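Trainee:
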Ligand code: KMH
Ligand code: ZN
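Numbering (this note's numbering), first residue to last: 446 to 718.
Quick look at the structure:
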């Protein structure tokens, strides 16, 4: 089995300080949370950014500041900006951070309900445009799938040349509108991706650590962080993203899986060195 890649999704676009006061908004807070996650064992930082009042933005200059701050604190970490942004953002707005030429970025592969009246829109033509853009800039996509049909979409578009193989998937499980996070769902997703692909799992809310364990024992990788879950355990808010990463490291150790460094992650995911 490959070593375990841990991604920290440190702030997301939806979670707020009202839910957990440690959710980072400012450049300094984002840098601090990335550093805590990195020191605990994360090799990838999945990045959304906020203005100081918490408003989510895909502004290129705000991303530049946050990425510089993260790189200053953790020079070898892999920064993976979101191109999903927040519900309702335009294509142009969402794509801005790829112009900063990160090593990776997310590529969301389908439309889904996102709770209440929210719809996270990713039409086929949008996915094609995002895929084309990432290929032209040499950026490795993390293929975000919220349901099984999105894996099928990614496989179809990979065959048509919009995504390069081997693909790296993120199974986002437990969103109110996406696939649930039962062991049965995990097995279905894992067994549905093409041979040679890699995958990580983001369990939402209380699903975070059960899905992490499923992935650790199955040879997959793990994403944790405030974007997906703000609790360390039932009723106990996490003090930092670092605490969430530390818990994955403990689980991995118990289960006999070593943790990948950023250099090892670049090799496992065939990123440009
Ligand atoms: N904030 C969600 C609407 C991504 O980062 O690519 C979308 C999201 C996915 O978080
Ligand atoms: Zn995200």
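Glycine included, C-beta positions come from ideal geometry on N, C-alpha and C. All figures in this text were calculated on a predicted structure; none of them were measured in a lab.
1) At what residues does the beta strand (DSSP E) containing residue 496 begin and finish?
2) So what does DSSP say about residue 678, is it helix, strand or coil?
3) Smallest Cα separation from residue 666: which of 693, 567, 456 and 682?
4) Going by DSSP, name the residue or residues bridged to residue 552.
5) Can you check which of these residues, 637, 579 and 608, is closest to residue 592 by C-alpha distance?
6) With a threshold of 7 angstroms, establish whether the CB of residue 532 neighbours any heavy atom of the ligand KMH.
7) What are the residues that DSSP puts in a beta bridge with residue 618?
8) Following a CB-centred definition, is residue 459 positioned closer than 7 angstroms to any heavy atom of the ligand KMH?
9) Is residue 551 near the ligand GTP - that is, is its Cβ less than 7 angstroms away from at least one heavy atom of it?
10) Can you confirm whether the segment 490 to 509 touches the segment 524 to 539 when touching is taken to mean that 3 or more C-beta pairs between the two stretches lie within less than 8 angstroms?
11) Which residue marks the beginning of the beta strand (DSSP E) containing residue 526, and which one marks its end?
Mentor: If we stick to the structure as given:
1) Segment: none, residue 496 is in no beta strand (DSSP E) and carries neither H nor E.
2) strand
3) 693
4) 588
5) 637
6) yes
7) 648
8) yes
9) Annotation note on the ligand GTP: not contained in the displayed structure, which lists the ligand KMH and the ligand ZN as its ligands.
10) yes
11) 523 to 526
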